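Just so you know, the protein sequences line up as chains R and G, in that order. Quick note on our numbering: the first sequence kicks off at 43 and runs consecutively. Quick note on our numbering: the second sequence kicks off at 43 and runs consecutively. Heads up: the structure comes next, in structure tokens.
Number of protein chains: 2
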Amino acid sequence: MEPIEGGRRRHAGRDRVEASIVAAAVRIFAECGYEGAAVAAIAEAAGLSKQNLMYYFPTKQALYQRVLDDVLDDWLARMESLADPDGEPADVLRAYVKAKLRFSREQPGASRVYAMEVIGGAKLYGEQIRQRVVPLVRRDIDVFERWIAQGRIAPVDATHLLFSIWAMTQSYADFAAQMSLVLGRGELAHEDFERAEELITHMVTRAIAVA
Amino acid sequence: MEPIEGGRRRHAGRDRVEASIVAAAVRIFAECGYEGAAVAAIAEAAGLSKQNLMYYFPTKQALYQRVLDDVLDDWLARMESLADPDGEPADVLRAYVKAKLRFSREQPGASRVYAMEVIGGAKLYGEQIRQRVVPLVRRDIDVFERWIAQGRIAPVDATHLLFSIWAMTQSYADFAAQMSLVLGRGELAHEDFERAEELITHMVTRAIAVA
DNA sequence: GTCTATAATCGGATAGAC
DNA sequence: GTCTATCCGATTATAGAC
């Protein structure tokens with residue numbers, strides 16, 4: 043049904059349903075973990091029956107993989123082509139921090155699902171990470187190292203610098219619950235992210251500043 | 043049986059068994075999450091039967107809470123009294139980073155269990171965090187802010203500085219799987235932690251250096 | 001304290017009507 | 001594509017002998 047655009051995408055309705063299921067699944071997986079998330083709970087959050095959900099995704103694991111795929115697609119789309127070797131290092135890193143923090147603010151569930159998978163050892167998604175994430179990371183590290191070789195930034199460990207930037211920015215999604223307790227609010231506010239951006243940018247730009 | 047020290051701790055044997063169960067539980071919970079961890083798997087890892095385990099811990103949730111309690115006890119014991127207001131700020135922060143990284147290296151499972159609980163919203167442990175972690179954090183933040191008021195360190199956002207230090211150091215336990223893939227090794231080596239300590243210390247000390 | 005056996009429940013998955 | 005009904009395995013937890 044609903045054939046459109048002659049040939050491609052013959053089921054726009056199905057795509058919409060799948061998208062709403064995935065969106066609900068991200069929330070529930072982030073909150074409960076893979077095993078803790080009941081398919082019935084995801085279905086309810088998406089507004090359909092468990093059996094109906096399993097018409098679209100034959101198994102729970104298939105749904106989980108799809109969730110991780112979508113999360114990674116979104117993340118990669120935001121992060122690729124940020125590390126421009128010809129840009130001003132401080133500007134590039136500012137944009138990098140901003141993009142990562144923005145992802146934490148706009149898609150905290152996505153960040154948490156991915157984090158849980160990695161913390162558990164990436165038993166299911168390790169191969170995808172190796173194929174899709176590692177190359178991007180390596181490229182960014184190469185850019186940093188070229189800057190160092192050119193004397194444009196201080197000679198720091200590029201790999202661990204990137205690890206640190208990831209950790210700092212991602213924690214505003216993953217550990218938001220603990221941060222909220224410390225800050226004494228129900229949840230993180232926009233101003234918290236602004237202060238985070240300022241502090242992290244300060245740390246990164248000072249770290250790479252040539253003496 | 044085994045009454046010792048006249049009055050206190052009448053069951054040293056029981057304490058030993060419980061400790062071995064908790065140690066196994068940390069590993070399994072860290073790998074599989076709360077719901078994903080089967081009590082039978084924990085029992086097997088601890089070297090006893092599931093039914094026997096449940097003689098020591100009547101419910102799975104009781105075991106989980108005990109695991110979190112022990113994790114937090116260990117962490118607090120290592121972290122308290124590190125932020126000495128009278129010490130040299132750079133030295134204090136160096137020791138702080140070192141202690142946190144050491145915890146990530148020596149107790150990665152503990153860090154991961156705690157991280158998973160927080161990522162899932164700390165639904166079970168939020169109150170404990172509020173009572174036991176937040177006061178310690180607030181005290182550390184106070185020390186930082188006093189240093190700023192005294193002009194001993196640069197005027198940065200003390201709260202977010204602490205968040206960043208936590209995130210950077212903790213990530214070497216929580217995201218070790220992803221780091222290993224990037225580094226192309228099976229697991230993180232001692233030298234990786236040394237480089238991490240150098241980089242993180244560099245970032246923190248540069249960030250707080252007065253202009 | 002440790003064992004065998006079993007109860008009770010939950011959750012993923014399937015079958016088949018419409 | 002959506003529904004009703006149901007199966008089946010896994011898992012927590014309990015009962016009771018020794």
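All C-beta atoms, glycine included, are put in the ideal place defined by N, C-alpha and C. Keep in mind it's a predicted model, so treat the numbers as computed, not measured.
The criterion of a C-beta distance shorter than 8 angstroms is not satisfied by W189(G) and P150(G).
One thing to note: A209(R) has its Cβ no nearer than 8 angstroms to the Cβ of F186(R).
Put simply, the CB of L223(G) is near chain R, with a gap under 8 angstroms to one of its CB atoms. Taking CB atoms only, G89(G) has no neighbour in chain R less than 8 angstroms away. Three or more beta-carbon pairs separated by less than 8 angstroms are not found between the region 230-243 of chain R and the region 49-69 of chain G, which leaves the two stretches without contact. Residue burial is scored here from C-beta neighbours: H232(R) has fewer than 16 other C-beta atoms within 10 angstroms and is therefore classed as exposed. Counting only residues of its own chain and dropping the five nearest sequence neighbours on each side, S62(G) has a CB closer than 8 angstroms to the CB of A88, G89. S123(G) sits exposed, since fewer than 16 C-beta atoms from the chains shown fall within 10 Å of its C-beta.
Here the alpha carbon of I183(G) sits roughly 46 angstroms from the alpha carbon of Q93(G). Of the residues assessed, R227(G) falls on the exposed side of the cut-off, its CB having fewer than 16 other CB atoms within 10 angstroms.
In its chain, beyond the 5 residues on either side, L135, V139, I207 have a beta carbon closer than 7 angstroms to the beta carbon of V246(G). If one requires a minimum length of 4 residues, the alpha helix (DSSP H) runs lying completely within the region 56-130 of chain G are 81-88, 92-98, 102-121, in chain order. L143(G) and Y156(G) have their C-alpha atoms spaced approximately 15 angstroms apart. Unbroken alpha helix (DSSP H) stretches of 4 residues or longer found wholly inside the region 173-197 of chain R: 176-191, given in chain order. For the 8 angstroms CB-CB criterion, L223(G) and R180(R) do not form a contact. Under a 10 Å Cβ-count criterion, D216(G) is classified as buried, with 16 or more other Cβ atoms of the shown protein chains found around its own Cβ. Taking all protein chains in view, the Cβ of V252(G) is surrounded by fewer than 16 other Cβ atoms within 10 Å, so the residue is classified as exposed. With a 10 Å radius around the Cβ and a threshold of 16 neighbouring Cβ atoms, T211(R) comes out buried.
Distance check between A65(G) and each of S213(G), E148(G), I195(G) places E148(G) closest, using alpha-carbon atoms only. Nearest neighbour of V113(G) by Cα position, chosen from K102(G), Q170(G), G78(G), I84(G), turns out to be Q170(G).
Non-local beta-carbon contacts of R174(G) in its own chain, meaning distances under 8 angstroms to residues more than five positions away in sequence, involve L114, L118 in chain order.
Counting along the chain, no alpha helix (DSSP H) covers R227(R), and no H or E run does either.
Put simply, the CB of G193(G) is far from chain R, with every gap to its CB atoms at 8 angstroms or more. Pairing V198(R) with A249(R), the inter-Cα distance amounts to about 8 angstroms.
Under the DSSP assignment, V155(G) falls in the alpha helix (DSSP H) whose first and last residues are 150-161. Taken in chain order, the members of the region 230-246 of chain G whose beta-carbon sits within less than 9 angstroms of a beta-carbon on chain R are D234, R237, A238, E240, L241, I242, H244, M245, V246.
Interface flag for E73(G) against chain R is set, since a Cβ pair is found closer than 8 angstroms. Q107(R) has a beta carbon lying at 8 angstroms or more from every beta carbon in chain G. Note that the C-beta distance between G168(R) and A219(G) is below 8 angstroms. Of all residues in the region 150-165 of chain G, those with a C-beta nearer than 7 angstroms to a C-beta of chain R are R154, A157, M158, V160, I161, G162, G163, A164, reading in chain order.
Among the residues of chain R, those whose CB is under 9 angstroms from the CB of S206(G) are S206, A209, M210, S213, A238, L241, I242, M245, following chain order. Within the same chain, Cβ atoms closer than 7 angstroms to the Cβ of A141(R) are found at R120, M121, L124, the five residues on either side in sequence being excluded.
For Y214(R), the three-state secondary structure derived from DSSP is helix. With a threshold of 16 other beta carbon atoms within 10 Å, Y97(R) falls short and is exposed.
Sequence-distant partners of L204(G) (beyond 5 residues in either direction) whose C-beta falls short of 8 angstroms from its own C-beta, in its chain, are V179, D182, I183, F186.
Taking the C-beta atoms as reference points, G163(R) is found no nearer than 8 angstroms to G75(G).
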